[in-house]
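In terms of full-length UniProt numbering, the sequence shown opens at residue 1 and continues consecutively.
What follows is a single structure, written as structure tokens, with notes after it.
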Amino acid sequence: MDNKKASEKLLGSIDVNHEDYKFGHTKVFFKAGLLGVLEEMRDEKLATLVGMVQALSRGFLMRREFSKMMERRESVYAIQYNIRSFMNVKTWPWMKLYFKIKPLLQSAETEKELANMKENYDKMTTDLAKALATKKQMEEKLVALTQEKNDLALQVASEGESLNDAEERCEGLIKSKIQLEAKLKETTERLEDEEEINAELTAKKRKLEDECSELKKDIDDLELTLAKVEKEKHATENKVLCLTIDSLTNNNPNTNQFKT
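Next up, the structure:
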């Protein structure tokens, strides 16, 4: 659809006198006053659309705010319910017992972690022993190579005709020595790291043992408290039983006659 036909269709849909405008090839010619009427109609339509958009926007914002308020309300109810539930049960004996036992559960996890660390420590100790054995073998090999180097040097001094071969072998021995020294340095550094890890594990183990001792002391105190409560309970029951017997005795006429 070209621009002229689109303009004709648009103006044909507007409630105006269609004799007040004419179409040219590239322009639309309006009679006096019609352009002002069209502008007023445009402003009214824009005002209606803007009001509708504003109403929809306010409705959307209010619904979103209401949804947030409902979420906050539900959250407050949940928090209040949990707090009331905790306040109701925190003084119960079994809840106090749970508070005492809960650290023990963490202690069990700590024991498991300690066992894993001990296993890692044993593995590192084994690796350290292997590294020390390898280091010893390297040192022995280094001594043998040094001796061989000295022998070759003497042989080179006495046999000038094999000087080139001896020099090449000597260079190979020097390279081997450098490699062995690098391996020895690496093994020594690893040994120092493993000794540091061993010290950390020992300190952690000592700390865990102290915590276990404190937990055991808490358990002993709890058992003494429970025994004391049980003893007081039995004493109270015996006292109630005696009072009941005395009451029955005083209220029974036959028993009073027998006493007389």
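All C-beta atoms in this analysis are idealised placements derived from N, C-alpha and C, irrespective of residue type, glycine included.
Computed from a predicted structure; not experimentally measured.
L56 versus K68: straight-line alpha-carbon distance, rounded
18 Å
Assigned secondary structure, V240 (DSSP; H/G/I helix, E/B strand, else coil):
helix
Expected contact under 8 Å - CB spacing of residue 318 and S176 to nearest Å:
The requested residue 318 does not occur in the structure, where the chain is confined to residues 1 to 260.
In the DSSP output, what is K22 paired with across the bridge?
F29
Who are the near neighbours of M138 in its chain, counting only those whose CB is closer than 7 Å to its CB and skipping five residues on each side?
In its chain, beyond the 5 residues on either side, L180, K183, L184 have a beta carbon closer than 7 Å to the beta carbon of M138.
Would you kindly check if the distance between the Cβ of T187 and the Cβ of K123 is under 9 Å?
no
Please confirm if the region 42-58 is in contact with the region 74-81, defined as three or more CB-CB distances below 8 Å between the two stretches.
no
Rounded to a whole number of angstroms, what is the C-alpha to C-alpha distance between T260 and Y98?
Unreliable placement is indicated for T260, whose pLDDT of 42 sits below 50; no coordinate value is reported for it.
Suppose only complete runs of 4+ residues qualify. What are the alpha helix (DSSP H) ranges in the region 64-151, listed by chain order?
none
Whole-angstrom C-beta distance between K100 and L222, which should lie under 8 Å
5 Å
Helix, strand or coil: which one does DSSP assign to V50?
DSSP, read as helix, strand or coil, puts V50 in helix.
Would you mind working out which of A115, S13, E194 sits nearest A129, comparing C-alpha positions?
Of the listed residues, the one whose Cα sits closest to A129 is E194.
Using the C-alpha atoms, what's the distance from L241 back to K231?
15 Å
Tell me the DSSP secondary structure of D218 in three-state form.
helix
Where the alpha helix (DSSP H) through N3 begins and ends
3-12
Distance between S85 and L46 (C-alpha atoms, nearest Å):
58 Å
Close-in-space but distant-in-sequence residues of the same chain around S7 (CB under 8 Å, 5 per side omitted):
F23, V28
Are H25 and K5 closer than 9 Å when you measure CB to CB?
Their beta carbons are not under 9 Å apart, which means H25 does not touch K5 by this criterion.
Candidates E196, L243, L226, L11: closest to L34 by CA position:
When each option's Cα is compared against that of L34, the closest is L11.
How big is the Cα-Cα spacing for K141 and E192?
23 Å
Does DSSP put T255 in a helix, a strand or coil?
Annotation note: pLDDT 47 at T255 (below 50); position unreliable, no value reported.
Which class does V16 belong to by DSSP, given the choice of helix, strand or coil?
coil
Count the other CB atoms, across all protein chains shown, that sit within 10 Å of the CB of F258; report buried if there are 16 or more and exposed otherwise.
Because the pLDDT of F258 is 41, which lies under 50, any placement of that residue in the model is unreliable, and the question is left without a value.
Select from Q147, E167, R63, E189 the residue whose C-alpha is nearest the C-alpha of L132.
Among Q147, E167, R63, E189, the Cα nearest to that of L132 is on E189.
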